[in-house]
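Undergrad:
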Amino acid sequence: MRRQVLSVVCVMTLVAAWSGLPVDAQAPAKRPISYDTMDYWRSIGGQRLSDDGQWLAYALSSQGEDGELIVRNLASGKELKHPRGTAPVFTPDGKFVLFTIVPVKTNADDDAAGRAGGAGGEPAEGAGAAAAARNSAGIMALPSGQVTVVEQISTIRLAEESSVWVALHKGRAPAAGGRGGRGGAGGGRAGGAGRGTGAAAEPPATPPAAVPAAEGQTPATPAAPAEKRKDAGSDLIIRNLATGAEVTIAEVNEFAWNKGGSWLAYAVSSTDAAKDGAFARQMSDNAVRTLHTGKGHYKSFAFDEAGAQLAFLSDQAEYEKPVAPYRLYYWKANDSAAAEIVSATTRNVPQGRVVHDSAPRFSEDGKQLFLNTAPPPPAPAEPNAKRPINVDVWNYQDAQLQPMQRVRATQDRNRSYRAVFHVGDKRFVQLATADMPTVNPGTHPERAVGTSDLPYQQLVSWDQSYNDVYLVDLKTGQRRKIMEKAPQAASLSPDGNYLLSFDEFTGHWSSYRISDGLKVNLTERLPVKFYQEDHDTPDMPGAYGSGGWTEGDKTLLLYDQFDIWEIRPDGTNARMITGGEGRKQGLVFRYRSLDPEQRSIPTTVPALLTTTNDVTKASGFYRTSFTGATTPEKVVMLDKSFGAVTKAKNSDRLVFTLSRFEEFPNLWVSDGDFGGMQKVSDANPQQSEFVWGTSELVEYINADGIKLRAILTKPEGFDPTKKYPMMVYIYEGLTQGLHGYSAPNVGTSVNVTRYASNGYVVLRPDIIYNTGFPGEAAEKCVIPAVNTIVAQGYIDPKRIGIQGHSWGGYQITHLITRTNMFAAVQAGASVSNMVSAYGGIRWGTGMVRQFQYEKTQSRIGAPPWDKTLEFIENSPIFWVEKVNTPYLTIHNDADDAVPWYQGIEFFTALRRLGKEAYFFNYNGEFHGLRNRDNMKHWTVHQDEFFDHYLLGKPKPEWMNKGVPFLERGTRDVLGLFKRDKPAPAAVGK
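When we follow the working numbering, the leftmost residue of the sequence shown carries the number 115, and every step to the right adds one.
(1) Of the residues N687, T718 and A762, which one's Cα is nearest the Cα of E711?
(2) Between the region 827-846 and the region 878-896, do three or more beta carbon pairs fall short of 8 Å?
(3) Decide yes or no for the touch test of the region 616-636 against the region 684-695: beta carbon pairs closer than 8 Å, at least 3 of them.
(4) Pull up the distance between the alpha-carbon of R963 and that of Q578, whole angstroms please.
(5) Quick one: residues in its chain with C-beta nearer than 6 Å to the C-beta of Q516, no 5 flanking neighbours on either side, listed in chain order?
(6) Over what stretch of residues does the beta strand (DSSP E) that includes A201 continue unbroken?
(7) Helix, strand or coil: how does DSSP classify R963 here?
(8) Give, in chain order, every unbroken run of the beta strand (DSSP E) that is at least 3 residues long and sits entirely within the region 769-850.
(9) Which same chain residues, not among the five before or five after D1106, have their C-beta less than 6 Å away from its C-beta?
(10) DSSP state of V263, grouped into three classes?
(11) Please say whether D390 and G375 have beta carbons closer to each other than 8 Å?
(12) Between D674 and K643, which are expected to be in contact by the criterion C-beta below 8 Å, what is the C-beta distance as a whole number of angstroms?
(13) Just to confirm, is the Cβ distance from R162 to V794 under 8 Å?
(14) Just how far apart, CA to CA, sit N486 and T385?
(15) With DSSP collapsed to three states, give me the class of W1014.
(16) Using the rule of at least 16 other Cβ atoms within 10 Å of the residue's Cβ for burial, across every protein chain shown, is T664 buried or exposed?
(17) Using a Cβ-Cβ cutoff of less than 7 Å, which residues in the same chain neighbour V1012 once the five nearest sequence positions on both sides are dropped?
(18) What three-state label does DSSP hand V949 in the structure shown?
(19) So H928 is in the alpha helix (DSSP H); what residue range does that whole segment cover?
(20) Quick test of your reading: S890 and K144, contact by CB under 8 Å. State the CB separation rounded to the nearest angstrom.
(21) Could you spell out where the beta strand (DSSP E) holding S250 opens and where it closes?
(22) By Cβ distance, which residues of its chain are closer than 6 Å to V904, with the 5 residues on each side in sequence left out?
(23) Following the continuous beta strand (DSSP E) through L368, name the residue where it begins and the one where it ends.
(24) Here's the rule: buried if 16 or more other CB atoms are within 10 angstroms of the residue's CB, otherwise exposed. What is R1025?
(25) Secondary structure at R868, three-state DSSP: helix, strand or coil?
(26) If you count every other CB in all the chains shown that lies within 10 Å of the CB of P206, and 16 or more means buried, which is it?
(27) Counting Cβ pairs, one atom from each stretch, are 3 or more of them under 8 Å apart for the region 853-870 and the region 776-789?
(28) Do you know how far the Cα of T692 is from the Cα of T557?
(29) By DSSP, does M597 sit in helix, in strand, or in coil?
(30) Would you check if the region 401-415 and the region 443-453 touch, i.e. whether three or more CB-CB distances between them fall below 8 Å?
(31) In the DSSP output, what is Q917 paired with across the bridge?
(32) Considering only C-alpha positions, which residue in the set S428, A657 and F740 is nearest to H411?
(33) Closest to Y443 by C-alpha separation, out of E478, F484 and G466, would be which residue?
(34) In angstroms with no decimal places, state the Cα-to-Cα distance between E236 and V749.
(35) Could you spell out where the beta strand (DSSP E) holding R737 opens and where it closes?
(36) Which of the three DSSP states, helix, strand or coil, is assigned to A226?
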């Protein structure tokens, strides 16, 4: 094993050397953003504070060049760097930072293509594991910055509360880890051994068809039965971080630390079956305990919170059989071996069930062990068995349509049911059942919430999801139905005394007292609404939300549009802990905990509140008290967007991002009151070389006389005496994104920054809707918004374009049947015929689109036989002869949300009428582009289209002559994205 010890360059915060140069030398003329910048704009990821708040680590990356790990001492400003480092994690004592080192990027385009796979953007099979095998591990000592590199490491894992040892695995990252580990680079948090149902990934929408031999033909030679697969493990290196001493364990395929790092459990999978087994190593003396051995699979190690109990799965007992179900094993520290505790023959395991291979987990107190059961896996198919006919039989009584069943086939095939093993009295209890398939244990040791959507699955096609809700006794498995056909599930309070639910039909919150079944409407007597007042789709409005419960389940926090209410679960003593200041000042207050392990809200300390000004979109934080005065006190408010606020575990140090349209979301640090705020990263210093823009809020009045807002982005150096082209981008409400930073990039929709940089004004208006007339609603908002800006005098009314995708694309397709105000439009993945789209399939989920028109975004509010005129009125295909605007669309043949025939219908109608239209279909791509090369190709063509009509640039050849099928895709635009010289290095602040 080759080791490299490297010296890391330490970078101090310095005043730039050119600060004394003449102005002309300092600031060359800025240039518009071009394509050769887009692969090289850096992003920040994986930021971590050390537990003591003294160090900050993060990774810089871009599409086109190698990234870099930066580790910054927050007291001195010294920065330690390592090339290609990513996913850092500190040891609890802050003396080391561990990270993954990814391979050198030999070619940015090849790298992007490798990640995206085929045209549709899916990774090639095995690509993730192969890439992980090429990674290395970096171990940086602090404060020296000396780095030790261990090559070909796919998983790095620390114990959550120990800084002594690190485990480095050369094999594929395990599917599930043990309880309580610190996530290492490439491995994620090692704890959380499976809270889900163990369902596998969804299958492809269209599986390959089986082709049987033709009648009369001799069948192919029978294939030999496939040998049961058991992959050999690889080296696991256990390294003492302080001394550098290492122990290597061969042929390990899975491992887990306990929380304190005193035990390491691991599985050996060997080419020599005699070596297979589960083992535990005591780190104090390196003594190894043999837990269970024999040929088979060993997986899903899970320690309890105290680190003294271990559970795992193995199929060793029946491995030689064609079907070898897993069994659950249990080991307690200092036991001589693990004991089998649950199998198909265990008392109370339902007939026909076995232990499912999803990972077990212990309850917080270690007294319960949660697992899943399922029907036994199917026997391997006979190699020469007759293949079934490939036919889907649709039945009107099916709870789920055939396409939905296909999408969920693997999930249904691997469906499992929650159970619990009580460790003390060695008793198994089945919790979830076929008619109540979901049970979610919380933190309470005696009860859980169960749900079933089975009676209402058919309604999902045209209505919404509903559930019957049950209270489940973890000791006995007995259940009590407490809600029927609930639009939202109920949640259990932290101490298990109450259930909390919101009824969308009444718009009120209710509590359910478990001890006696008393149900109380908590909000019906309060003078404000707790449902979303600006809701504008035909279904019932949801809640503004809940902030959680205070300690001892004494009170809970509920949100209205602006303020926070504290209410007892019996409905008494309701009061605003924000004193009504939210509604008075237009401030939206929400409770924010900075402790990821907090279960209940402490009332003895002031509460931190995230705060957004609903008018200006300024954001920040206030504090309020649960006792005494209830007027919240401002901590910080800025005309920027706060993001990703994280607190150091053992310090009041905070790290967060701040952004505006023209300000990249760099990292900032402060104390716990946001005092002493300091910018500590500068990911894209090259931005100063480019023309940018600024965004502001503007008001307009729609055709119904309602005052609305829009984001108006002006190019840098804006001159109100000039005439500018304007690009309009629409969807629904957009002004909440006022302070969002848009990096130069490729994609399916226009890049606002690129357009502003190249001389466009960009308008993004809010749109509100009336049920039954979504197209008209868009007219009533978009046209007045555009006219409001044109009236300012700096927009050329003959050079206005509009772009939108999906729902935005539909609205544009409708708009051009009602107005000729746009010089050119791009409407991506647009519905053009609501009548035919109503019965179309969303192939990503397999759901029929009926619900979308009756209940959600498409906003008709009824089926076409009840509102025929509304369906026709809102379908652009019926008004296509009125179109006089050049039309560009992208609608891909694997669109998983909007049937691509919608695009074909409208394009062919325009073609039939001799109207100018262009249609791009990226074969195998989805609703939005995923393959980066396709994004680049589309971005160039979309920009050429608008630049021709709005900037007067020459018409490209693909618009003049088209692209013959035999020449499709041959135009190479990727060279436009290459850069001749490196960008300036990112620097600290």
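Each residue gets a CB set at the ideal place from its N, CA and C atoms; glycine is no exception. Keep in mind it's a predicted model, so treat the numbers as computed, not measured.
TA: Taking the structure as given:
(1) On the sequence shown, residue 711 is found 597 positions in, with the first residue counted as 1. Distances from the CA of E711 to each of N687, T718 and A762 were compared; the closest alpha carbon is that of A762.
(2) Output reads yes: the region 878-896 touches the region 827-846.
(3) The region 616-636, when compared against the region 684-695, does touch it at the 8 Å Cβ threshold.
(4) Numbered from its first residue, the sequence shown carries residue 963 at position 849. Numbered from its first residue, the sequence shown carries residue 578 at position 464. Rounded to whole angstroms, R963 to Q578 spans 12 Å at the Cα level.
(5) On the sequence shown, residue 516 is found 402 positions in, with the first residue counted as 1. Counting only Cβ-Cβ distances below 6 Å, and skipping sequence neighbours, we find D506 and W508.
(6) Position 87 of the sequence shown, counted from the first residue, corresponds to residue 201. Its beta strand (DSSP E) spans residues G199 to F204.
(7) Stepping through the sequence shown from its first residue, residue 963 is reached at position 849. In the three-state DSSP reduction, R963 falls in the coil class, being neither helix nor strand.
(8) Residue ranges of uninterrupted beta strand (DSSP E) with 3 or more members, entirely inside the region 769-850 and ordered along the chain, are 777-784, 807-815, 821-829 and 838-843.
(9) This structure cannot speak to residue 1106, because the chain is shown only from 115 to 1103.
(10) Sequence index remark: in the sequence shown, residue 263 carries index 149 (1-based). In the structure shown, V263 sits in a strand (DSSP, three-state: E or B).
(11) The residue labelled residue 375 in the question sits at position 261 within the sequence shown. The residue labelled residue 390 in the question sits at position 276 within the sequence shown. No, the pair does not count as a contact, with Cβ atoms beyond the cut-off.
(12) For this step, residue 674 is matched to residue 560 along the sequence shown. For this step, residue 643 is matched to residue 529 along the sequence shown. Indeed, because the Cβ distance is near 6 Å, the residues count as touching under 8 Å.
(13) In the sequence shown, residue 162 corresponds to position 48, counting from 1. In the sequence shown, residue 794 corresponds to position 680, counting from 1. Cβ distance not < 8 Å, so R162 and V794 don't count as in contact.
(14) Locating residue 486 in the sequence shown gives position 372, counting from the first residue. Locating residue 385 in the sequence shown gives position 271, counting from the first residue. Computed Cα separation, rounded: 30 Å.
(15) Along the sequence shown, one-based indexing puts residue 1014 at 900. DSSP places W1014 in coil when its eight states are reduced to three.
(16) As a first step, residue 664 is located in the sequence shown; it is residue number 550 there, counting from the start. That one is buried.
(17) Here residue 1012 corresponds to residue number 898 of the sequence shown, with the count starting at 1. Non-local C-beta neighbours of V1012 in its own chain, meaning closer than 7 Å and more than five positions away in sequence, comprise S920, A943, V945 and H1041, ordered along the chain.
(18) Start at 1 with the first residue of the sequence shown, and residue 949 comes out as number 835. Correct three-state label for V949: helix.
(19) Here residue 928 refers to the residue found at position 814 of the sequence shown. Looking at the DSSP string, the run of the alpha helix (DSSP H) that includes H928 is W921 to L929.
(20) The residue labelled residue 890 in the question sits at position 776 within the sequence shown. The residue labelled residue 144 in the question sits at position 30 within the sequence shown. Looking at the sequence provided, one finds Glu at residue 890 rather than Ser. Not quite, the Cβ-Cβ distance comes to about 43 Å (not below 8 Å), so this is no contact.
(21) Within the sequence shown, residue 250 is the residue found at index 136, counting from 1. From DSSP, the beta strand (DSSP E) with S250 extends over S250 to A255.
(22) In the sequence shown, counting from the first residue as 1, residue 904 sits at position 790. The answer, listed in chain order, is P911.
(23) Here residue 368 corresponds to residue number 254 of the sequence shown, with the count starting at 1. The sequence given here has Glu at residue 368, not Leu. Segment E360 to W371, the beta strand (DSSP E) holding E368.
(24) Here residue 1025 refers to the residue found at position 911 when the sequence shown is read from its first residue. Residue burial is scored here from C-beta neighbours: R1025 has fewer than 16 other C-beta atoms within 10 angstroms and is therefore classed as exposed.
(25) Mapped onto the sequence shown, residue 868 falls at position 754. Of the three classes helix, strand and coil, the one that applies to R868 here is helix, per DSSP.
(26) Counted from its first residue, the sequence shown places residue 206 at position 92. Under the 10 Å beta carbon count, P206 is surrounded by 16 or more other beta carbons and is classified as buried.
(27) Output reads yes: the region 776-789 touches the region 853-870.
(28) Numbered from its first residue, the sequence shown carries residue 557 at position 443. Numbered from its first residue, the sequence shown carries residue 692 at position 578. The straight-line gap separating the alpha-carbon atoms of T557 and T692 is approximately 29 Å.
(29) The residue you call residue 597 lines up with position 483 of the sequence shown. Per DSSP, reduced to three states, the secondary structure at M597 is strand.
(30) Yes, they touch.
(31) Taking the first residue of the sequence shown as 1, we reach residue 917 at position 803. DSSP, once it has assigned bridges, lists Y843 and Q940 as partnering Q917.
(32) Here residue 411 refers to the residue found at position 297 of the sequence shown. In this structure, S428 is the residue among S428, A657 and F740 with its C-alpha nearest to the C-alpha of H411.
(33) What you label residue 443 is simply residue 329 of the sequence shown in a count that begins at 1. Put simply, of E478, F484 and G466 the residue whose alpha carbon is nearest the alpha carbon of Y443 is F484.
(34) Residue mapping note: residue 236 aligns to position 122 of the sequence shown, counting from 1. Residue mapping note: residue 749 aligns to position 635 of the sequence shown, counting from 1. Any reading at E236 must be qualified, since the residue scores a pLDDT of 41, below 50, and its modelled position is unreliable; the value itself is stated next. Approximately 45 Å between the Cα atoms of the pair.
(35) Counting from one through the sequence shown, the residue named residue 737 turns up at place 623. Its beta strand (DSSP E) spans residues S733 to T738.
(36) On the sequence shown, residue 226 is found 112 positions in, with the first residue counted as 1. Unreliable positioning characterises A226 in this predicted model, as indicated by a pLDDT of 45, which lies under 50. A coordinate reading is not provided.
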